[in-house]
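A.B. asks: Protein chains in written order, with numbering that gives the first Met the number 0: chain Z, 0 to 342; chain B, 0 to 392.
My questions all concern the structure below.
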Amino acid sequence: MKGFAWTSAPDLAAALRAGSATVAATMAAAPGPAAANAVILKAGGIDLLDLMKEGLLAPQRIVNLRGIPELGRIAEEPGGALRIGAMVTLAQLAGDPLIRARYGALAQAAGGSASPQIRHVATLGGNLLQRPRCWYFRSIHHDCARKGGRQCFAFMGENQYHAIFGQYGCAIVHPSTAATALVAFDASVELVGARGARRTVALENFLLGPEVDLQRENALAPGEILTAVLLPAPKPGVRSFHLRQGELDSFDWPIADVAVVLELGRDGACRRAGVVLGAAAPVPYRARGAESALAGQRIAEGTARSAAIAALAGATPLAKNAYKVPVFEALVRRAILGAAGQA
Amino acid sequence: MRAPGNVPGAYALEQMIDELAIRLAMDPLALRDRIDLSAVRREERRVGAARFGWSRRRAPGSDAGPVKRGLGMAQSYWGANVNTNAACEVRILRDGSVEILSSVQDIGTGIGTLLAQVVAEEMGLRPEEIVVRIGDTDFPAGPPSYGSITTASITPPARNAAWRALRELFEAAAPALGAPPENLIAKGGRIATADNARSLSFREAAATLRTDRISVVASRADDYGGFARKMGDSASARNALGGVQFAQVAVDVETGIVRVERVVAVQDCGRPMNPRQIESQVHGGVLMGMSYALCEERLLDRRTGHVLNADLEHYKIGRSREVPEIEMILLENYQGTSATDAYGIAEPANVATAPAIANAVFNAIGVRARQLPMTPATILAALGRIPGGRARA
Ligand SMILES: Cc1cc2nc3c(=O)[nH]c(=O)nc-3n(C[C@H](O)[C@H](O)[C@H](O)COP(=O)(O)OP(=O)(O)OC[C@H]3O[C@@H](n4cnc5c(N)ncnc54)[C@H](O)[C@@H]3O)c2cc1C
Ligand code: SF4
Numbered sequence: 000m001k002g003f004a005w006t007s008a009p010d011l012a013a014a015l016r017a018g019s020a021t022v023a024a025t026m027a028a029a030p031g032p033a034a035a036n037a038v039i040l041k042a043g044g045i046d047l048l049d050l051m052k053e054g055l056l057a058p059q060r061i062v063n064l065r066g067i068p069e070l071g072r073i074a075e076e077p078g079g080a081l082r083i084g085a086m087v088t089l090a091q092l093a094g095d096p097l098i099r100a101r102y103g104a105l106a107q108a109a110g111g112s113a114s115p116q117i118r119h120v121a122t123l124g125g126n127l128l129q130r131p132r133c134w135y136f137r138s139i140h141h142d143c144a145r146k147g148g149r150q151c152f153a154f155m156g157e158n159q160y161h162a163i164f165g166q167y168g169c170a171i172v173h174p175s176t177a178a179t180a181l182v183a184f185d186a187s188v189e190l191v192g193a194r195g196a197r198r199t200v201a202l203e204n205f206l207l208g209p210e211v212d213l214q215r216e217n218a219l220a221p222g223e224i225l226t227a228v229l230l231p232a233p234k235p236g237v238r239s240f241h242l243r244q245g246e247l248d249s250f251d252w253p254i255a256d257v258a259v260v261l262e263l264g265r266d267g268a269c270r271r272a273g274v275v276l277g278a279a280a281p282v283p284y285r286a287r288g289a290e291s292a293l294a295g296q297r298i299a300e301g302t303a304r305s306a307a308i309a310a311l312a313g314a315t316p317l318a319k320n321a322y323k324v325p326v327f328e329a330l331v332r333r334a335i336l337g338a339a340g341q342a
Numbered sequence: 000m001r002a003p004g005n006v007p008g009a010y011a012l013e014q015m016i017d018e019l020a021i022r023l024a025m026d027p028l029a030l031r032d033r034i035d036l037s038a039v040r041r042e043e044r045r046v047g048a049a050r051f052g053w054s055r056r057r058a059p060g061s062d063a064g065p066v067k068r069g070l071g072m073a074q075s076y077w078g079a080n081v082n083t084n085a086a087c088e089v090r091i092l093r094d095g096s097v098e099i100l101s102s103v104q105d106i107g108t109g110i111g112t113l114l115a116q117v118v119a120e121e122m123g124l125r126p127e128e129i130v131v132r133i134g135d136t137d138f139p140a141g142p143p144s145y146g147s148i149t150t151a152s153i154t155p156p157a158r159n160a161a162w163r164a165l166r167e168l169f170e171a172a173a174p175a176l177g178a179p180p181e182n183l184i185a186k187g188g189r190i191a192t193a194d195n196a197r198s199l200s201f202r203e204a205a206a207t208l209r210t211d212r213i214s215v216v217a218s219r220a221d222d223y224g225g226f227a228r229k230m231g232d233s234a235s236a237r238n239a240l241g242g243v244q245f246a247q248v249a250v251d252v253e254t255g256i257v258r259v260e261r262v263v264a265v266q267d268c269g270r271p272m273n274p275r276q277i278e279s280q281v282h283g284g285v286l287m288g289m290s291y292a293l294c295e296e297r298l299l300d301r302r303t304g305h306v307l308n309a310d311l312e313h314y315k316i317g318r319s320r321e322v323p324e325i326e327m328i329l330l331e332n333y334q335g336t337s338a339t340d341a342y343g344i345a346e347p348a349n350v351a352t353a354p355a356i357a358n359a360v361f362n363a364i365g366v367r368a369r370q371l372p373m374t375p376a377t378i379l380a381a382l383g384r385i386p387g388g389r390a391r392a
């Protein structure tokens with residue numbers, strides 16, 4: 000790890016003045032340890048330090064966002080929407096009474112991620128903006144397409160943890176587990192640009208698949224800071240559930256995770272369903288087939304089972320990850336029943 | 000991965016014996032009673048089966064839901080090995096302090112504690128009164144810390160050196176006690192006449208030395224009655240070690256996840272010297288065996304030759320949530336073959352775990368994972384649940 004200069008931003012204005020570059024653009028411009036000379040933002044620092052230790056990034060200056068009080072709050076807006084500051088940790092999300100009551104799947108997704116140590120340091124903003132974990136991407140020996148090289152090593156190589164959907168030239172899975180639940184809740188992100196301009200983008204549109212851009216996972220612009228995640232006010236009758244399955248239950252990544260948000264009518268029928276798969280595709284994968292299979296139906300074992308099959312229809316597994324298909328089918332079915340309180 | 004050679008060998012052999020028992024419609028324990036000549040393992044099977052509740056074992060697939068439970072067992076193979084290039088020096092200093100010096104290394108197994116125990120026992124002192132100096136090649140040769148040979152190699156010379164140093168102390172203190180040296184004993188921190196009529200504290204006895212110290216070096220003698228094999232510094236005792244383990248697993252046939260719920264490990268290592276430390280070694284052996292069974296795998300990229308998971312994030316070993324309930328039963332197997340009669344425990348406790356888990360997986364789901372590790376990909380492929388049917392198995 001190389002030396003770097005350090006700025007601890009006291010407020011958002013100071014952080015914006017620092018003129019940060021995005022990690023993705025820095026790495027694409029000069030892959031390997033040469034990815035230097037950039038001003039890089041730091042939240043919890045879990046992913047940033049990993050990239051530095053892996054020799055993939057050598058920032059010239061690090062700007063710490065952890066000391067900005069306004070980014071660390073969870074607040075209910077008038078009208079019932081929830082605003083979660085970007086520096087709120089995964090542990091806070093998992094433990095927050097309001098989030099547990101109204102957005103249960105998000106609390107479950109955050110609370111099941113990584114390990115207790117990591118959850119107490121990792122922030123929601125950093126979690127959404129972390130770079131993928133593909134081992135070729137993380138290796139300085141592999142100049143892969145996402146880092147500006149010419150090939151994807153995963154297609155012909157070790158791809159047991161890679162995507163089963165949407166591998167357009169790159170087969171990463173999006174690393175954020177929280178994002179799975181957030182997309183299911185139709186969350187948005189709030190971004191503030193270098194000149195103070197604020198924009199709000201649906202998370203689903205903010206995260207970019209390789210068919211849109213092979214070298215970055217999101218639409219963060221240079222100099223921009225992610226300030227908050229916005230959750231719409233919960234509709235009446237909404238119930239949610241998140242399930243993850245790792246090879247190990249502790250200190251491990253999921254091989255599959257599923258968030259289900261059901262809007263149940265008084266008659267028990269499902270008015271609207273959100274079914275999103277994590278660790279399945281380069282972005283959280285919205286299983287539209289499953290969503291429409293559930294719409295208008297009463298939730299029972301049979302409906303859950305057919306929705307699960309619909310969710311996996313069209314999967315395009317690679318040589319070593321077809322096992323994920325049955326794992327996802329089980330998880331989708333169980334998460335639907337879990338959301339309906341029938342698990 | 001640990002206990003090189005034997006762990007993969009036992010994984011195959013012990014599953015074959017399980018399979019043979021099923022073909023013969025015999026209980027796997029009964030089959031082993033017929034074909035296994037080891038009297039130690041026979042007794043270990045008996046006490047282990049009783050503690051584990053082997054009689055609760057049911058036919059594969061007996062559970063109705065997606066999570067199937069199963070019970071399995073397997074046996075260990077590991078020699079009682081010794082390195083004879085093992086020596087230590089024991090010093091009694093005129094100020095009453097006692098030191099043991101050897102270049103043996105403590106890589107976390109607690110050999111320093113055992114050395115203090117042995118010397119203290121011989122001298123009638125408490126272990127904390129012994130100064131242990133190890134890990135320096137300036138000291139007499141110590142055995143390497145591998146092959147589960149350390150305790151068997153270095154504790155007998157520690158006792159012999161302590162015994163001889165004490166004789167010299169008796170010689171020095173005899174006039175002051177008005178008794179011949181062969182009539183003296185060391186007990187409770189004192190050097191006393193055998194009838195306990197007169198005594199000196201250890202420190203007072205040491206003060207009678209003519210010079211600043213007694214120093215005795217002893218090295219590992221051959222086992223009484225000789226070794227079974229000896230080549231250079233390496234020797235194998237006449238009796239091998241046993242070891243029988245029982246495992247209970249839960250297999251989710253929809254996700255392919257295997258979780259080990261309980262392991263009963265029946266182990267022996269000659270004369271146990273420190274049950275706490277032995278239990279810790281058994282826990283280590285079982286956890287490493289479980290990781291080998293369920294998740295450890297070095298992944299080499301075939302096209303570029305780089306190892307892809309050379310870190311503890313992707314080279315997976317069982318972690319806190321994966322730890323099963325582990326129960327150890329220690330079979331004390333006195334043979335009187337050396338000054339401490341102690342043999343190895345570490346790797347012997349590692350060999351049987353993976354095949355015991357694999358046999359339990361078969362008992363749970365009725366198919367065998369012939370490949371390691373038993374990840375969801377392996378299990379789902381064995382169950383024929385992967386679309387296209389390929390992937391790994
Ligand atoms: C063993 C292990 C297991 C893990 N398992 C999981 C898991 O199961 N699920 C999961 O989701 N994650 C998992 N993680 C990843 C971990 O959760 C992330 O690394 C962490 O959430 C990143 O958050 P951070 O605050 O530390 O981000 P940082 O490392 O500080 O930042 C990440 C990136 O975002 C940028 N950034 C951060 N905040 C902002 C902002 N507000 N505006 C603009 N840019 C910003 C930084 O420049 C950097 O590029 C695991 C990690 C490990 C090591
Ligand atoms: S999956 Fe993406 S990140 Fe991984 S090697 Fe292929 S291009 Fe690179």
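We treat Cβ as the ideally placed atom computed from N, Cα and C, and that holds for glycine.
Given the structure is predicted, the values throughout are model-derived calculations rather than measurements.
Taking a Cβ distance cut-off of 8 Å, strictly less, list which residues of the region 371–388 of chain B are near chain Z, in chain order.
C.D. replies: Cβ contacts with chain Z come from Thr374, Pro375, Ala376, Leu379, Ala380, Arg384, Ile385, Pro386 and Gly387.
A.B. asks: Would you say Z:Asp248 reaches chain B, if we count a Cβ-Cβ gap shorter than 8 Å as a contact?
C.D. replies: yes
A.B. asks: What residues match up with B:Asn82 in a beta bridge as DSSP calls it?
C.D. replies: B:Ser233
A.B. asks: Determine the extent of the alpha helix (DSSP H) in which Z:Leu128 is found, giving its start and end residues.
C.D. replies: Per DSSP, Z:Leu128 belongs to the alpha helix (DSSP H) from Leu123 to Leu128.
A.B. asks: If you measure beta-carbon to beta-carbon, which residues of the region 169–195 of chain Z are closer than 7 Å to chain B?
C.D. replies: Of all residues in the region 169–195 of chain Z, none places a beta-carbon less than 7 Å from a beta-carbon of chain B.
A.B. asks: Under the criterion of a Cβ to heavy atom distance below 7 Å, does Z:Lys149 qualify as lining ligand 2?
C.D. replies: Contrary to the premise, residue 149 of chain Z reads as Arg rather than Lys in this sequence. No, ligand 2 has no heavy atom inside 7 Å of this Cβ.
A.B. asks: Which first and last residues belong to the alpha helix (DSSP H) in which Z:Ser305 is found?
C.D. replies: Unbroken alpha helix (DSSP H) run through Z:Ser305: Glu300 to Leu311.
A.B. asks: Going straight from the alpha carbon of B:Asp35 to that of B:Ala151, what length do you get?
C.D. replies: Going from the Cα of B:Asp35 to the Cα of B:Ala151 covers about 25 Å.
A.B. asks: Leaving out five residues before and five after B:Ala390 in sequence, what residues of the same chain have Cβ atoms less than 7 Å from its Cβ?
C.D. replies: Low per-residue confidence applies at B:Ala390: pLDDT is 41, beneath 50, and the placement is therefore not dependable, though the value from the model is reported in the following sentence. Same-chain partners within the cutoff: Ala376 and Ala380.
A.B. asks: By Cβ distance below 6 Å, which residues in the same chain neighbour B:Phe361 in space, the five residues on each side in sequence not counted?
C.D. replies: Arg367
A.B. asks: Spell out whether any CB of chain Z is found under 8 Å from the CB atom of B:Lys67.
C.D. replies: no
A.B. asks: Compare the C-beta of B:Cys268 against all C-beta atoms of chain Z and say whether one is closer than 8 Å.
C.D. replies: no
A.B. asks: Give me every residue whose Cβ sits closer than 5 Å to any heavy atom of ligand 2, in chain order.
C.D. replies: Z:Cys133, Z:Tyr135, Z:Phe136, Z:Cys143, Z:Ala144, Z:Arg145, Z:Cys151, Z:Phe152, Z:Ala153, Z:Cys169, Z:Ala170 and Z:Ile171
A.B. asks: Cβ closer than 9 Å: which chain B residues qualify as neighbours of Z:Tyr322?
C.D. replies: Gly255, Thr374, Pro375, Ala376, Thr377, Ile378, Leu379, Ala380, Arg384, Ile385, Ala390 and Arg391
A.B. asks: According to the Cβ coordinates, are Z:Ala294 and Z:Val274 closer than 8 Å?
C.D. replies: no
A.B. asks: Does ligand 4 have a heavy atom nearer than 7 Å to the CB of Z:Thr122?
C.D. replies: Here the bound small molecules are ligand 1 and ligand 2; ligand 4 is not part of this structure.
A.B. asks: Would you say the region 44–59 of chain Z touches the region 112–123 of chain Z, given that touching needs at least three Cβ pairs under 8 Å?
C.D. replies: Remark: three or more beta-carbon pairs, one from each stretch, lie closer than 8 Å, so the region 44–59 of chain Z and the region 112–123 of chain Z are flagged as touching.
A.B. asks: Quick check on this structure: which residue in B:Ala246, B:Glu295 and B:Gly304 has the alpha carbon closest to the alpha carbon of B:Ala48?
C.D. replies: B:Ala246
A.B. asks: Alpha carbon to alpha carbon, what distance is there between Z:Arg265 and B:Ala392?
C.D. replies: Here B:Ala392 scores only 35 on pLDDT, less than 50, and its place in the model is too uncertain to base an answer on.
A.B. asks: For chain B, find out if any of its Cβ atoms is closer than 8 Å to the Cβ of Z:Pro325; answer yes or no.
C.D. replies: So, interface residue.
A.B. asks: For chain Z, find out if any of its Cβ atoms is closer than 8 Å to the Cβ of B:Ser121; answer yes or no.
C.D. replies: The identity of residue 121 of chain B in the sequence shown is Glu, whereas the question assumes Ser. Closer than 8 Å: no.
A.B. asks: For B:Ile344 versus B:Gln266, is the C-beta distance shorter than 8 Å?
C.D. replies: yes
A.B. asks: Identify, in the order they occur along the chain, each residue of the same chain with its Cβ nearer than 6 Å to the Cβ of Z:Leu89, setting aside the five sequence neighbours on each side.
C.D. replies: The answer, listed in chain order, is Ala109, Ser112, Arg118 and Ala121.
A.B. asks: Are the region 128–144 of chain B and the region 101–114 of chain B touching by the rule of at least three beta carbon pairs closer than 8 Å?
C.D. replies: yes
A.B. asks: For the alpha helix (DSSP H) that contains Z:Leu92, what are its first and last residues?
C.D. replies: Leu89 to Gly94
A.B. asks: Give me the Cα-Cα distance between B:His313 and Z:Ala170, rounded to the nearest whole angstrom.
C.D. replies: Straight through space, the alpha carbons of Z:Ala170 and B:His313 are spaced by roughly 17 Å.
A.B. asks: Mind listing the chain Z neighbours of B:Glu321? Cutoff is C-beta to C-beta under 9 Å, in chain order.
C.D. replies: Leu247, Asp248 and Ser249
A.B. asks: Given a cut-off of 8 Å on the beta-carbon distance, is the pair Z:Val237 and Z:Ala186 in contact?
C.D. replies: No; because the gap between Cβ atoms is not below 8 Å, this pair is not in contact.
A.B. asks: Looking at the unbroken beta strand (DSSP E) that takes in Z:Thr6, where does it start and where does it end?
C.D. replies: Ala4 to Ser7
A.B. asks: In three-state DSSP terms, what is B:Asn349?
C.D. replies: Taken through DSSP and simplified to helix, strand or coil, B:Asn349 comes out as helix.
A.B. asks: Tell me the residue span of the alpha helix (DSSP H) that contains Z:Thr179.
C.D. replies: Bounds of the alpha helix (DSSP H) holding Z:Thr179 are Thr176 to Ala183.
A.B. asks: Once the 5 residues before and after B:Ser54 are set aside, which same chain residues still bring their CB inside 8 Å of it?
C.D. replies: Ala48
A.B. asks: In chain order, what residues of the same chain lie with their CB nearer than 7 Å to the CB of B:Arg158, ignoring the 5 residues before and after it?
C.D. replies: Val117, Glu121, Ala338 and Thr339
A.B. asks: Please check if any C-beta of chain B sits within less than 8 Å of the C-beta of Z:Ala329.
C.D. replies: yes
A.B. asks: Quick one: what's B:Met0 bridged to in DSSP?
C.D. replies: DSSP, once it has assigned bridges, lists no residue as partnering B:Met0.
A.B. asks: Can you give the Cα-Cα distance for Z:Ala162 and Z:Gly340, rounded to whole angstroms?
C.D. replies: Cα-Cα distance, rounded: 30 Å.
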